[in-house]
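FYI, the numbering for the sequence shown is -24 to -1, 1 to 84, going by mature numbering (1 follows the signal peptide of the UniProt record, and there is no 0).
Glycine included, C-beta positions come from ideal geometry on N, C-alpha and C.
Since the model is a prediction, treat every value here as computed from it, not as a measurement.
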Amino acid sequence: MKMSSSRLLLFSALLLFCLALVSSDIEAEDEISLVARGSNRRLLPFLDCGGLCKVRCSQHSRPNVCTRACGTCCARCKCVPPGTSGNRELCGTCYTDMTTHANKTKCP
């Protein structure tokens, strides 16, 4: 009798512990889904395309044309390479593979 009551107590404690774990997981999933819903969410951090492109095109021979192309590439690829030239591969294939109608590289 003593053995069965201690087993029952141990089983009850284990069952309560498991229920507590399951209920805490459900609450965590609810919080995650609340954060991810809505039209106001941002998956990527804010990127100041205008400011970054101004720096990128500051030494270009045609800064207005460069800034316009850079702004398009920044909006589509969500990236502007560091520096005033080169480093295009740091933004990935979206940035390096974009071309104009004349099949020239678009992004400065």
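Burial check for Cys50: the Cβ neighbour count within 10 Å reaches 16 or more, so the residue is buried. Gly26 and Lys80 have their alpha carbons spaced roughly 23 Å apart. The continuous alpha helix (DSSP H) containing Cys53 extends over residues Pro39 to Cys53.
Distance from Cys55 to Gly68 at the Cβ level is roughly 7 Å; contact confirmed, criterion being Cβ atoms closer than 8 Å. The continuous alpha helix (DSSP H) containing Asp73 extends over residues Thr69 to Asp73. With a cutoff of 8 Å on beta-carbon distance, Arg64 and Thr75 are scored as not near each other.
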